[in-house]
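Quick note, in the working numbering, the sequence shown goes up one by one and the last residue is 1172.
Just so you know, even glycine gets a beta-carbon here, dropped at the ideal spot from N, CA and C.
If you're wondering where the values come from, they're calculated on a predicted model, not measured in any experiment.
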Amino acid sequence: MGETLPRKVRLETGESILKQSGANLQIGFFIPIGGRLFLTSKRLIFIPGRFNISPEKPEKVTLTLGSINRVEKKTRDMSNLLAGSFRSRLQVQSRDKLYILQVWDLNNWLKALKTAITSAF
């Protein structure tokens, strides 16, 4: 896959992109933040898009694969329709925080992320 990270993010030595797609980061009750999600051989990176209608402040998220404790599918719960609760989502637990992301092709994201975490060690 091509090395197409945004200019502000540089790949480390020996790092390669394994998967990427559009994603929405749910950081509050309201509309999630749209952007791109990148899985590399060393990190999981979310880059917010330039134009978001979410009232929440867009944040870049960079997690080393070693800092991820758990990855699972969060089933739909219908508790927050504005944030897309009608869809299953990717739930990533790091040492410090829980991240919930909406991605297409969720099952393949789960598989790729679990494989990358296992391969990193």
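Query, Result
"Pop quiz: residue 1144 and residue 1121 are said to be a contact at Cβ under 8 Å. What is the actual Cβ separation, rounded to whole angstroms?", "4 Å"
"Compute the Euclidean distance between the alpha carbons of residue 1110 and residue 1096, then round it to the nearest angstrom.", "11 Å"
"Helix, strand or coil: which one does DSSP assign to residue 1084?", "strand"
"Work out the CA separation of residue 1160 and residue 1068 for me, nearest whole Å.", "13 Å"
"Three-state secondary structure (DSSP) at residue 1119?", "strand"
"Helix or strand or just coil, what does DSSP make of residue 1168?", "helix"
"For residue 1062, which of helix, strand or coil comes out of DSSP?", "coil"
"Report the option in 1085, 1084, 1098 whose CA atom is closest to the CA atom of residue 1114.", "1098"
"Nearest to residue 1146 by alpha carbon, out of 1162, 1172, 1116, 1156?", "1116"
"Figure out for me which residue from 1063, 1070, 1077, 1084 has the closest Cα to the Cα of residue 1165.", "1070"
"Using 8 Å for Cβ pairs, my map puts residue 1167 next to residue 1090. What's the rounded Cβ distance?", "6 Å"
"So, for residue 1063: in the same chain, excluding its five sequence neighbours on each side, which residues have a beta-carbon less than 7 Å away from its beta-carbon?", "1093"
"Apart from the five residues just before and just after residue 1135, which ones in its own chain have a Cβ nearer than 8 Å to its Cβ?", "With a pLDDT of 49 at residue 1135, under the threshold of 50, the predicted position of this residue should be treated as unreliable, though the coordinate-derived value follows. Excluding positions up to five away in sequence, the list reads 1075, 1077, 1083, 1153."
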